[in-house]
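What follows is a set of notes on a single structure, which appears directly below.
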Amino acid sequence: MNRARSQLRARAASMKEEAATRRGTRTRAVVPLAGGLCSLIGLFQLVSSDVLAVNFTTANQEFQLYSNYLQGEQAAGFLATNDTSTGTDNGVTELGIRSAKLAGLCAIAHENVPVLGEVTLMIIAGVPVKSAFSNGSNTTTDGAGAPLTFDANGQLTGGNHITASNLFVNSRSLSGFGNKISGMNLGQSADTVDTTAGITWPAGQGQPDAGDFGLTVDRINVGGLGGDTYGINLQGAITLPNLKIKVIPGHKTQADCPTQAAQ
Amino acid sequence: MAAVRAAWAWFRAFRRTRPFWGGLWCIVAGAWIIRSMFFSFVLAVTGGWSFSAGYILGGSLILFGVVTWCAPHYRGLLGLMAVLLSLAAFVAANLGGYLLGSVLGIVGGSMMWAWGEKAPKPARSTGGRRRRRTTPEVADAAV
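Chains as they are written, first to last, in my numbering: chain A, 1 to 263; chain B, 1001 to 1143.
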């Protein structure tokens, strides 16, 4: 015990002696700093110009998800509970889409930060999202007033849309205007919907039980999509054209999506 | 009071003998990246790369920060690795903890890499405790 203490003291003394030499961060820090930040900007450009796909997964933070138009092929859904890290369970719909295309994306999360108070995190990509969606009619223009174009099947045409494969969303509520939904099967046993749609539920999430309510859809096109979502889980990759990540003080909502996208 | 002062003196010596701030920013960056992809442990283990990337990249950043504190000798390698991992985290871990984690990691890693002995400050006296003051004075005399 005594020996350990004297050793500690000796080490502290030698450290203090060593501390007499002036050491610190030298100016050469600029080299990796500039290199790193330039590469980061480069990566950001690659992601926002559609070349590089990023991995984006969240679990227990609820955020609002808005899109002008969702075009999905081969989707399946069932009801489940979502465990958050706080221990509370929420009833959610697990929705899996094999391949999806989104006309604009605006994801909003709120966070309380010490000192600053409430801040809003906004992830914006694709064409601007409208400030509000009218229920009961399809969304035909984006947030900047430019028209969205569709073909006869309700498929999105034109560029700058977000594509995602194996997109899984668990939402407390999802709303929108269904535009040409086909091949719908409501009330299929929940444990078989994934094989019908050709997807695999992500490991770790609540798995469906036989006999529970499930649904499958061949083509699902939804205009003016809004939802309270706990998790977006991408097993595949997502391309995010015109990506913007913003942290804004104060409480922002869907109404701020087009203005923030324009800035 | 004396204990506090002794502890502070120890902490100051600790700070001055290792890349303290660079390591600290790396640890904060790692913690923030993990926080932005916070999953239950089972999910991180079973769910594959998209669930575990935050723990792996953020955890490595924390580890690098702690190791440079304990063994400042490795700061050069670890600093550069921290910069590279921060870049990887941007692609793999929720855009590097919504960008913030990546930026902090790059700053911290650069500071770690660039830490070292600096030229002693010229004339300003700090109570005569500094040892290497003799060199510049000799240089002055020569001019």
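Heads up, the beta-carbon is just placed ideally off N, CA and C, and yes, glycines get one too.
Same chain, Cβ closer than 7 Å to residue i, neighbours up to 5 away in sequence not counted
| i | result |
| --- | --- |
| residue 1130(B) | Any reading at residue 1130(B) is ruled out, since the residue's pLDDT is 49, under 50, leaving its predicted position unreliable. |
| residue 1095(B) | none |
| residue 1028(B) | 1104 |
| residue 147(A) | 140 and 141 |
| residue 1057(B) | 1033, 1085, 1088, 1089, 1092 and 1093 |
| residue 48(A) | 240, 241, 242 and 243 |
| residue 217(A) | 75, 181, 183 and 184 |
| residue 10(A) | none |
| residue 126(A) | 102, 103, 104, 105, 160, 161, 162, 241 and 242 |
Cutoff 6 Å; reference residue i; Cβ partners in own chain excluding five residues on either side
| i | result |
| --- | --- |
| residue 1068(B) | 1019, 1023, 1075, 1078 and 1112 |
| residue 1086(B) | 1102, 1105 and 1106 |
| residue 70(A) | 102, 222 and 225 |
| residue 1037(B) | 1054, 1093 and 1094 |
| residue 1080(B) | 1113 |
| residue 157(A) | 149 and 151 |
| residue 1035(B) | none |
Closer than 8 Å: residue i CB and nearest the ligand SAM heavy atom
| i | result |
| --- | --- |
| residue 19(A) | Annotation note on the ligand SAM: not contained in the displayed structure, which lists no ligands. |
Extent of the continuous alpha helix (DSSP H) run through residue i
| i | result |
| --- | --- |
| residue 1116(B) | Residue 1116(B) -> not in any alpha helix (DSSP H); beta strand (DSSP E) instead, spanning 1115-1117. |
| residue 37(A) | 30-48 |
| residue 946(B) | Absent from the structure is residue 946(B), since the part of chain B shown begins at 1001 and ends at 1143. |
| residue 1035(B) | 1020-1036 |
| residue 1064(B) | 1049-1070 |
| residue 16(A) | 2-18 |
Element boundaries [beta strand (DSSP E), containing residue i]
| i | result |
| --- | --- |
| residue 249(A) | 244-249 |
| residue 167(A) | 162-178 |
| residue 127(A) | Where residue 127(A) is concerned, there is no enclosing beta strand (DSSP E), given that its DSSP letter is neither H nor E. |
| residue 185(A) | 185-189 |
| residue 24(A) | 23-25 |
Own chain partners of residue i with C-beta closer than 8 Å, once the 5 adjacent residues on each side are dropped
| i | result |
| --- | --- |
| residue 255(A) | 131 and 132 |
| residue 154(A) | 71, 179, 180, 219 and 221 |
Cβ-Cβ separation, residue j to residue i (assumed contact under 8 Å), whole Å
| i | j | result |
| --- | --- | --- |
| residue 212(A) | residue 78(A) | 6 Å |
| residue 92(A) | residue 230(A) | 6 Å |
| residue 1031(B) | residue 1062(B) | 6 Å |
| residue 199(A) | residue 98(A) | 5 Å |
| residue 95(A) | residue 171(A) | 7 Å |
| residue 1025(B) | residue 25(A) | Actually they do not touch by this definition, with Cβ atoms about 11 Å apart. |
| residue 168(A) | residue 138(A) | Not quite, the Cβ-Cβ distance comes to about 25 Å (not below 8 Å), so this is no contact. |
| residue 1011(B) | residue 15(A) | Residue 1011(B) to residue 15(A), Cβ: 11 Å. No contact. |
Next on the checklist: Against chain A, which members of the stretch 1097-1110 of chain B pass a CB distance test of less than 9 Å?
Outcome noted: 1098, 1099, 1100, 1102, 1103, 1105, 1106, 1107, 1109 and 1110
Item to check | At least 3 beta-carbon pairs within less than 8 Å: the stretch 1005-1013 of chain B vs the stretch 1090-1097 of chain B | outcome: no
Next on the checklist: Counting only Cβ-Cβ distances shorter than 7 Å, please list the residues of the stretch 19-34 of chain A near chain B, keeping chain order.
Outcome noted: Flagged, chain order: 19, 20, 21, 22, 23, 24, 25, 26, 28, 29, 32 and 33.
Checklist entry - Using Cβ-Cβ distances below 9 Å, what residues of the stretch 1008-1019 of chain B are close to chain A? => result Taking 9 Å as the upper bound on Cβ-Cβ separation, chain A lies near residues 1009, 1010, 1012, 1013, 1014, 1015, 1016, 1017, 1018 and 1019 of the stretch 1008-1019 of chain B.
Next on the checklist: Beta carbons nearer than 8 Å to chain B: which residues of the stretch 240-258 of chain A have them?
Outcome noted: Against chain B - using a Cβ distance shorter than 8 Å - the residues of the stretch 240-258 of chain A are 245 and 247.
Item to check | Residues, ordered as in the chain, of the stretch 1022-1036 of chain B that lie near chain A by beta-carbon distance below 7 Å | outcome: Against chain A - using a Cβ distance shorter than 7 Å - the residues of the stretch 1022-1036 of chain B are 1022.
Checklist entry - How do the stretch 118-130 of chain A and the stretch 93-110 of chain A stand: do at least 3 beta-carbon pairs fall below 8 Å, yes or no? => result Between the stretch 118-130 of chain A and the stretch 93-110 of chain A, the count of Cβ pairs shorter than 8 Å is three or higher; the stretches touch.
Next on the checklist: Output needed in chain order: residues of the stretch 1081-1093 of chain B with a Cβ under 8 Å from some Cβ in chain A.
Outcome noted: 1083, 1086, 1087, 1090, 1091, 1092 and 1093
Checklist entry - Using a Cβ cut-off of 8 Å, which residues of the stretch 8-19 of chain A contact any Cβ in chain B, in chain order? => result 12, 15, 16, 18 and 19
Next on the checklist: At a CB distance below 7 Å, what residues from the stretch 103-127 of chain A approach chain B? Give them in sequence order.
Outcome noted: Those would be 121, in chain order.
Checklist entry - Using Cβ-Cβ distances below 7 Å, what residues of the stretch 35-50 of chain A are close to chain B? => result 36, 37, 39, 40 and 43
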